[in-house]
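Chemist:
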Amino acid sequence: MQSFSFPFLLICMISLAISVSGEDPYRFFDWNITYGDIYPLGVRQQGILINGQFPGPNIFSVTNDNLIINVHNSLPEPFLISWNGVQQRKNSWEDGVCGTTCPIPPGRNFTYKLQVKDQIGSFFYFPSLEFHKAAGGFGGLKVVSRPRIPVPFPTPAGDYTILIGDWYKSNHTSLKSRLDRGKMLPTPDAILVNGRGPNGASFTMDQGKTYRLRISNVGLQNSLNIRIQGHLMKLVEVEGTHTQQNSYSSLDVHVGQSYSVLVTADQPSQDYYIVVSTRFGRKYILTTAILRYSNSNRAASGPLPGGPTEVIWSLNQARSIRTNLTASGPRPNPQGSYHYGLVQTVRTIRLANSAGQINGKQRYAVNSVSFVPTDTPLKLLDFFKVGGFRIGSIQDYPTGSKEYLDTSVMAADFRDFVEIVFENNEGIMQSWHMDGYSFFVVGMDGKQWSPASRKGYNLRDAVSRCTVQVYPRSWTAVYVALDNVGLWNIRSEFWARRYLGQQFYMRVYSPVESIRDEYPIPINARLCGKVADRHTRPL
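Residues -22 to -1, 1 to 517, numbered by mature numbering (1 follows the signal peptide of the UniProt record, and there is no 0), are exactly what the sequence shown covers, in order.
(1) Applying the 10 Å Cβ sphere with the 16-neighbour rule, what's the burial state of Asn273?
(2) Should Pro33 be labelled buried (16 or more other beta-carbon atoms within 10 Å of its own) or exposed?
(3) By Cβ distance, which residues of its chain are closer than 7 angstroms to Glu113, with the 5 residues on each side in sequence left out?
(4) Look up Leu437 in the DSSP assignment and give the residues it is bridged to.
(5) Under 8 angstroms, do Asp360 and Lys68 count as touching if we go by C-beta distance?
(6) So what does Gly25 bridge to, in DSSP terms?
(7) Helix, strand or coil: how does DSSP classify Asn87 here?
(8) Do you know whose CA, among Phe362, Cys444, Gln408, Gly414, lies nearest Lys508's CA?
(9) Tell me the residue span of the beta strand (DSSP E) that contains Ser249.
(10) Between Gly365 and Thr354, what straight-line distance do the alpha-carbon atoms span, to the nearest angstrom?
(11) Does the separation of the CB atoms of Val456 and Val446 fall below 8 angstroms?
(12) Could you please give me the residues that DSSP links to Ala168 through a beta bridge?
(13) Of the choices Gln335, Phe258, Gln248, whose alpha-carbon is the least far from that of Leu269?
(14) Would you mind stating whether Ala179 and Ala267 have Cβ atoms separated by less than 8 angstroms?
(15) For Ala370, I'd like the list of residues in its chain whose CB is within less than 8 angstroms of its CB, leaving aside the five on either flank, ordered along the chain.
(16) To the nearest angstrom, how far is the alpha carbon of Gly20 from that of Asn172?
(17) Give every residue of the same chain whose Cβ lies closer than 8 angstroms to the Cβ of Thr377, excluding the five residues on either side of it in the sequence, and list them in chain order.
(18) Return the chain-ordered ranges of every beta strand (DSSP E) run that is complete within the stretch 402 to 468 and spans a minimum of 3 residues.
(19) At which residues does the alpha helix (DSSP H) containing Trp71 begin and terminate?
(20) Alpha carbon to alpha carbon, what distance is there between Gly85 and Ile142?
(21) In the DSSP assignment, what residue or residues form a beta bridge with Gln31?
(22) With a Cβ-Cβ cutoff of 8 angstroms, do Asn62 and Ile82 count as a contact?
(23) Checking the sheet assignment: what are the DSSP bridge partners for His50?
(24) Would His220 be called buried (16 or more neighbouring beta carbons within 10 Å of its own) or exposed?
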């Protein structure tokens, strides 16, 4: 039987007492992280399991729930989990990345306390250290509305999480070693659907009923297209935002992104192929899963539905994804009530990704800076005023200089409303994520961004999300209200690029240092590196 640590039991007892008095509900999870044999492609591989599962268990929660997740690290190396899209208001302590949280040592545990405050939607979690993401350890995370908050579509007959992603037969340690030697990743071997290879995953529907599919790209580097033989997908939600309900025959899902679609089982009774294939990569890779009607009397057959090939098709689809201004969000008010287009931005930040050789090894950079982590999380160095990094070590704009190594941290002021332009001058697809925030995707286009590009911005119903694609030799512009104090990771979702430096941290700072703006350091916070002998509370 799995034993609970004393801190976890203490937190549970306190939390239960609080919940009885009327605070938002608590949900408790106890996870054991191990290595184990997995066979997604028919050959034995070493995978990262959570409670023996690959992928890990899905998290179900309701808006404003408190999630208490006790993670036991039974791996022989340090481990961390991060929460892709869960904003963690005022609480970057729990972000689970190397710049904010000490790793969980082998044989030890850490209890995350998250609140999905004023959030709804489809997200996922994943291991953030080293190259663990290539071995598993990921799972779905969904946040549903409270019963009294109306949802802009009838309750579906079922709700499925679909995790898609590229996959390697090579062990994650071999892939990491390759990157450490300054090499690039090879082409992936396959695509997995819920941890399974071709036709290994299936989803059952009753004929005539409508189901919700929550689709997340948890892979390492490839944009993917998903389509269902003979069926349309009605888009209803993107990373916490209810969308205009457009129907698509196929959907591009870029690395790190999540979508919710409704699919109606309105075809003759049989099985149908779900097809997932790569986009914009060096090699075309395809896999299939099965949509099974519960009264099916015939296996899936016939030609597989083809996917798009043009970049402009994907760009036009991305532009068609808009916020549903008539729908409620997690609170009983229209999602479009925040008129972002009428707010004046106070700062423009331009971020350009690049690749280059540093000291004879392949590295990747943002505005020429290739990020180097410190032995102590930046958040703790900042809190204890130890030093060890320089705020402002990355510029607000591309410098054009050769790539160099540094621990890049950008300063930002609490409650500023800023414009961020992601500029991609390379011939590859790119995908960017910002922890702790959602942003309005106001524009994207080809060639170079300039101030004149603002004339084409969508200032009325742009979708709000946390991960956005940038097409080859193109730009994407977002608006973001910096209303979440903390130290937040901004990164490429191409995991080799992120591992080799294409990331930085934004320090959103309030001089007031009030608990109204940011929670105090957790009493169970792990301390490591230069602050290992400090205390989280006065003795």
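Note that the Cβ used here is the ideal one computed from N, Cα and C, for glycine as well.
Modeler: The relevant details are as follows:
(1) In the sequence shown, the residue the question calls residue 273 occupies position 295. Burial check for Asn273: the Cβ neighbour count within 10 Å stays below 16, so the residue is exposed.
(2) Here residue 33 refers to the residue found at position 55 of the sequence shown. Buried, by the Cβ-count rule.
(3) Against the sequence shown, residue 113 aligns to sequence position 135. Glu is not the amino acid found at residue 113; the sequence shown has Ala there. Around Ala113: Gln24, Gly25, Ile26, His150.
(4) For the purposes of this step, residue 437 is taken as residue 459 along the sequence shown, with counting starting at 1. Beta-bridge annotation (DSSP): Leu437 is not paired with any residue.
(5) Taking the first residue of the sequence shown as position 1, residue 360 is located at position 382. Taking the first residue of the sequence shown as position 1, residue 68 is located at position 90. No, Cβ-Cβ distance for Asp360 and Lys68 is not below 8 angstroms.
(6) Taking the sequence shown and counting its residues from 1, the one referred to as residue 25 is at position 47. Residue pairing from DSSP places Gly25 in a beta bridge opposite Gly14.
(7) Taking the first residue of the sequence shown as 1, we reach residue 87 at position 109. Reduced to three states, the DSSP call for Asn87 is strand.
(8) Translated into positions along the sequence shown, residue 508 becomes position 530. With distances taken between Cα atoms, Lys508 lies closest to Phe362.
(9) By 1-based counting over the sequence shown, the position of residue 249 is 271. According to the sequence shown, residue 249 is Asp rather than Ser. For Asp249, the enclosing beta strand (DSSP E) starts and ends at 249 to 257.
(10) For the purposes of this step, residue 365 is taken as the residue at position 387 of the sequence shown. For the purposes of this step, residue 354 is taken as the residue at position 376 of the sequence shown. If I take the Cα positions, the gap works out to 10 angstroms.
(11) Within the sequence shown, numbered from 1, the residue matching residue 456 stands at position 478. Within the sequence shown, numbered from 1, the residue matching residue 446 stands at position 468. Yes.
(12) Here residue 168 is taken as the residue at index 190 of the sequence shown, counted from 1. Ala168 is bridged to Trp145.
(13) As a position in the sequence shown, residue 269 is number 291, starting the count at 1. If you compare the alpha carbons of Gln335, Phe258, Gln248 with that of Leu269, the shortest gap goes to Gln248.
(14) Taking the first residue of the sequence shown as position 1, residue 179 is located at position 201. Taking the first residue of the sequence shown as position 1, residue 267 is located at position 289. Contact flag set, yes.
(15) Here the question's residue 370 lines up with position 392 in the sequence shown. The sequence shown places Gly at residue 370, not Ala. Counting only Cβ-Cβ distances below 8 angstroms, and skipping sequence neighbours, we find Val387, Met388, Ala389.
(16) As a first step, residue 20 is located in the sequence shown; it is residue number 42 there, counting from the start. As a first step, residue 172 is located in the sequence shown; it is residue number 194 there, counting from the start. The straight-line gap from Cα to Cα measures roughly 15 angstroms.
(17) The sequence position of residue 377 within the sequence shown is 399, counting from 1. Within the same chain, Thr377 has close Cβ partners Asn345, Ser346.
(18) You should have 408 to 412, 417 to 424, 445 to 448, 452 to 459.
(19) As a working note, residue 71 is residue 93 in the sequence shown. Segment: none, Trp71 is in no alpha helix (DSSP H) and carries neither H nor E.
(20) As a first step, residue 142 is located in the sequence shown; it is residue number 164 there, counting from the start. As a first step, residue 85 is located in the sequence shown; it is residue number 107 there, counting from the start. The alpha-carbon atoms of Ile142 and Gly85 are separated by roughly 31 angstroms.
(21) For the purposes of this step, residue 31 is identified with residue 53 of the sequence shown, where counting begins at 1. BP columns for Gln31 point to Ile28.
(22) Locating residue 62 in the sequence shown gives position 84, counting from the first residue. Locating residue 82 in the sequence shown gives position 104, counting from the first residue. In this structure, Asn62 keeps its C-beta atom at 8 angstroms or more from the C-beta atom of Ile82.
(23) Numbered from its first residue, the sequence shown carries residue 50 at position 72. As DSSP reads the structure, His50 sits in a beta bridge with Asn10, Asn87.
(24) The count along the sequence shown starts at 1 and reaches residue 220 at position 242. It is buried - the Cβ of His220 has at least 16 other Cβ atoms within 10 Å.
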